[in-house]
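Protein chains: 2
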Amino acid sequence: MCPGSRRMGEVIGADTMAAMAEQKVLIVEDEPMVAEVVERYLRRDGYQVQTVASGPAALDEFSRFRPDLVVLDLMLPGLDGREVCRRIRARSQTPVIMLTARSDEVDKLVGLELGADDYVTKPFSPRELAARVKAVLRRAVDRRSELDTEVLQFDRLRVDGAARSVEDERGRVQLTAREFDLLYYLAGHAGHVFTRNQLMDAVWDYEFAGDASTVTVHVRRLRAKIEADPSRPRYLKTVWGMGYKFEP
Amino acid sequence: MCPGSRRMGEVIGADTMAAMAEQKVLIVEDEPMVAEVVERYLRRDGYQVQTVASGPAALDEFSRFRPDLVVLDLMLPGLDGREVCRRIRARSQTPVIMLTARSDEVDKLVGLELGADDYVTKPFSPRELAARVKAVLRRAVDRRSELDTEVLQFDRLRVDGAARSVEDERGRVQLTAREFDLLYYLAGHAGHVFTRNQLMDAVWDYEFAGDASTVTVHVRRLRAKIEADPSRPRYLKTVWGMGYKFEP
DNA sequence: CGGAGACGTTAGCGTTTCGTAAGATTCGTA
DNA sequence: TACGAATCTTACGAAACGCTAACGTCTCCG
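Note that the protein sequences, when read in sequence, are chains A and B.
Just so we're on the same page, the working numbering is the position in the first sequence counted from 1, plus 316.
Just so we're on the same page, the working numbering is the position in the second sequence counted from 1, plus 316.
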């Protein structure tokens, strides 16, 4: 199927991040139905979620909760969403996704002008919103990558999450985006055995519906690049009947 | 992970899928045209498909057919899709994909509230639905297997569920996937006696219909690997006339 | 517009693993 | 001890599994 658009420099899936440190999302939405569904959906994706129903409450909760991302309804009682966005932006870089009623293009533009990272028009599917949240957070993670990523080192193999670079006893190894993501995930959970499907969930896009053999091939390509003898891997071990693991 | 569960003489849809265990999908759709197209597509992808046209029939068939996933039309005669979803969820974790007519967002939201794993709006492309089915099933299967993974230790024997590795006083022991599953199960219920049939139910695929001597052979292979003196086992004890137990 | 690189897919091939059956051995009991 | 039943042991063919080397599509960039 369609492999899903992957931007260069993206780190790893939300599920992945959730395993490392739970990311926090603040929802600002006055319609209880919508708020509740979105909340549940994001929870299921592994985020820690907080919901408020008004502008002032949003600002309070923002200070207290320190979310990694804000989902913000444009139409709010008390304080307009625009204003909330502006104020959030005044004090932090935290990404904001705007919810706008009906595809009113003017609102869209204004929202962006305010510094929103993305916006979703009502009616929207929670699924789409979740995808946006994931994507925006990825980009945000990239931006302050030096804070959130780590450098993994095993023997002579060095995997630098911030620089997205890998080094070998023979020097720098050039990996593609997906190769890096895969290696970073495996190395970040060294010793743990994953099935191909689990790896697809962790490294590939949410909607990806491809075959598990895709993983096989990527592991092979990785081995070709980082293993001295790819047919007798030192790091990327096959676990027969299960999948793969990274041997520390 | 699935031994002899392939039924002879059965026509396998796509040769690609021939290697996979056949998964079951229940379609609940009252429009015959739609139902037929979806059915054909999913069959081609190697799924075993059952179709029903009403809510009550869906619940009956759900109990009988035990699908791995349900594709559920929101608009149904007799019993609303919402209610069907709710009842399915009340008794199992089986993933549900909702089909909603036209992007009626309220329905979407309500569908999610009910615990649907995904939904597709009509008109949809059968290919897309098939992709969603695949993706949802993948995640569902993973969730099941990723659950309880702990490290078990008895004397000098160490069984690590995450790494799927076993260590001995003599060092690392190399087990096959099935050997590990068997050991992990027995050790995880140390002291408890299981018949061969119980072990087959627990460790093998539920459709597996082989004879119990398979277990005997696997226990033997395990003993050969983890016991100092396989003929006088320290851990894997035979309980005459009953089966086996793991001695803590 | 054309070439390169990244990615997913596919098919063929070699290897590992598994289930089975059949004969040997051990156990419980008379 | 002797006998039947349960368990153990062994070997082998088939199936499952992973590896590999293509190929096709898409995107990016000159």
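We put the beta carbon where it would ideally sit given N, CA and C, even for glycine.
No experiment lies behind these values; they were computed from the predicted model shown.
Is it true that the CB of residue j sits closer than 8 Å to the CB of residue i?
i                : j                : result
VAL489 (chain A) : GLY477 (chain A) : no
VAL452 (chain B) : LEU385 (chain B) : yes
ASN513 (chain B) : ALA525 (chain B) : no
PHE381 (chain B) : LYS340 (chain B) : yes
TYR435 (chain B) : THR416 (chain B) : yes
Out of curiosity, what's the CA-to-CA distance linking residue i and residue j?
i                : j                : result
PRO411 (chain A) : VAL449 (chain A) : 9 Å
VAL426 (chain B) : PHE440 (chain B) : Because VAL426 (chain B) carries a pLDDT of 46, less than 50, the predicted location of this residue cannot be relied on, and the following value inherits that uncertainty. Whole-angstrom Cα-Cα distance: 19 Å.
ILE343 (chain A) : VAL387 (chain A) : 5 Å
VAL365 (chain B) : GLU523 (chain A) : 22 Å
LYS561 (chain A) : LYS553 (chain A) : 5 Å
ARG474 (chain A) : PRO383 (chain A) : 31 Å
SER547 (chain B) : THR367 (chain B) : 53 Å
PRO348 (chain A) : GLU399 (chain B) : 21 Å
LEU491 (chain A) : GLU563 (chain A) : 19 Å
VAL353 (chain B) : THR437 (chain B) : 15 Å
LEU428 (chain A) : ARG403 (chain A) : Caution applies to LEU428 (chain A), whose pLDDT of 48 falls short of 50 and renders its modelled position unreliable; the value that the coordinates give is listed next. Approximately 14 Å, taken between the alpha carbons.
TYR551 (chain B) : ALA518 (chain B) : 19 Å
MET324 (chain A) : ALA493 (chain A) : In this prediction, MET324 (chain A) has a pLDDT of 34, which is less than 50 and means its spatial position is unreliable; what the coordinates show is noted afterwards. Distance between the alpha carbons of MET324 (chain A) and ALA493 (chain A): 6 Å.
ILE542 (chain B) : MET516 (chain B) : 20 Å
TYR500 (chain A) : LEU538 (chain A) : 11 Å
SER481 (chain A) : PHE496 (chain A) : 8 Å
GLY507 (chain A) : ALA479 (chain B) : 6 Å
GLY362 (chain A) : GLN409 (chain B) : 18 Å
HIS505 (chain A) : GLU483 (chain B) : 20 Å
THR532 (chain B) : ASP521 (chain B) : 17 Å
VAL457 (chain B) : ILE413 (chain B) : 15 Å
PHE470 (chain A) : ARG360 (chain A) : 33 Å
ARG405 (chain B) : ALA540 (chain B) : 45 Å
VAL350 (chain B) : THR511 (chain A) : 34 Å
ARG356 (chain B) : ARG443 (chain A) : 26 Å
ARG486 (chain B) : PRO549 (chain A) : 24 Å
VAL535 (chain B) : ALA544 (chain B) : 14 Å
GLY371 (chain B) : ASP433 (chain B) : 19 Å
ASP376 (chain A) : CYS401 (chain A) : 13 Å
ALA374 (chain A) : PRO393 (chain B) : 43 Å
VAL422 (chain B) : GLU338 (chain B) : Caution applies to VAL422 (chain B), whose pLDDT of 43 falls short of 50 and renders its modelled position unreliable; the model cannot decide the point.
LEU498 (chain B) : ARG455 (chain B) : 24 Å
VAL555 (chain B) : THR530 (chain B) : 17 Å
ARG472 (chain B) : ARG407 (chain B) : 42 Å
For residue i, which residues does DSSP report across the bridge?
i                : result
GLY487 (chain B) : B:ASP484
PHE562 (chain B) : B:LEU552
THR511 (chain A) : A:GLY559
LEU415 (chain B) : B:ASP389, B:VAL436
For the beta strand (DSSP E) holding residue i, just list the boundary residues, first then last.
i                : result
LEU385 (chain A) : 385-389
LEU342 (chain B) : 340-344
LEU473 (chain B) : 473-476
GLN366 (chain B) : 364-368
With a threshold of 7 Å, establish whether the CB of residue i neighbours any heavy atom of the ligand MN.
i                : result
PRO411 (chain A) : Among the components modelled here there is no ligand, and therefore nothing to report on the ligand MN.
For the alpha helix (DSSP H) containing residue i, list its first residue and its last residue.
i                : result
GLN469 (chain A) : Run containing GLN469 (chain A): none in the alpha helix (DSSP H); it sits in the beta strand (DSSP E), 467-470.
ASP497 (chain B) : 493-504
ALA532 (chain A) : This sequence places Thr at residue 532 (chain A); Ala is not what is there. THR532 (chain A) -> alpha helix (DSSP H) spans 529-542.
ASP376 (chain B) : 371-381
ALA351 (chain A) : 348-360
GLY397 (chain B) : 397-407
Which whole-angstrom value is the C-beta distance of residue i and residue j, which I expect to be below 8 Å?
i                : j                : result
GLY557 (chain B) : VAL509 (chain B) : With a Cβ gap of about 10 Å, GLY557 (chain B) and VAL509 (chain B) do not count as contacting.
ALA446 (chain A) : LEU358 (chain A) : 6 Å
ASP346 (chain B) : ALA369 (chain B) : 5 Å
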